[in-house]
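In case it helps, the numbering used here puts the sequence shown at residues -18 to 42.
See structure below.
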Amino acid sequence: NTMGTDEARDGALYDFAQARQIGADAFPRLYLQTREDYLYLVARGYSDFDRVRNIVDSIDV
């Protein structure tokens, strides 16, 4: 069981800190990283595939 390991705990803490830093207050959230320093919010909460695809297709990268 890897859930009880220090590595799993550290990974979860990192993920929570990163979510807090970018203001993730609703789940699920889907981001597309378009540059090393930029995350584009694609979906907040549930979005169907066609909606997500249309948003991703409209992003200029």
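Even for Gly, the Cβ is constructed at its ideal location relative to N, Cα and C.
All of these numbers come straight from a predicted model, not from anything done at the bench.
Grab me the residues of residue i's own chain with a C-beta within less than 6 Å of its C-beta, minus the 5 sequence neighbours each way, in chain order.
i	result
G48	Absent from the model: residue 48. The displayed extent of the chain is -18 to 42, so no value can be given.
T45	Shown here, the chain extends from -18 to 42; a query on residue 45 therefore has no answer.
I36	V23
Taking the alpha carbon of residue i as the reference point, which residue from the options has its own alpha carbon closest?
i	options	result
Y21	D(-13), S39 and T(-14)	S39
P9	S28, A(-7), R16 and Y19	S28
L11	D31, A24 and D(-4)	A24
V42	D(-9), D(-13), R16 and R1	R16
Please determine whether the Cβ atom of residue i lies at a distance below 7 Å from any heavy atom of the ligand PLP.
i	result
A(-2)	Judged by which ligands are present, the structure shown has none, so any question about the ligand PLP falls away.
Per DSSP, residue i is paired with what?
i	result
A7	Paired residues: none, contrary to the question.
L13	Y21
In its own chain, which residues sit with a C-beta less than 8 Å from the C-beta of residue i, not counting the 5 before and 5 after it?
i	result
Q14	L20 and Y21
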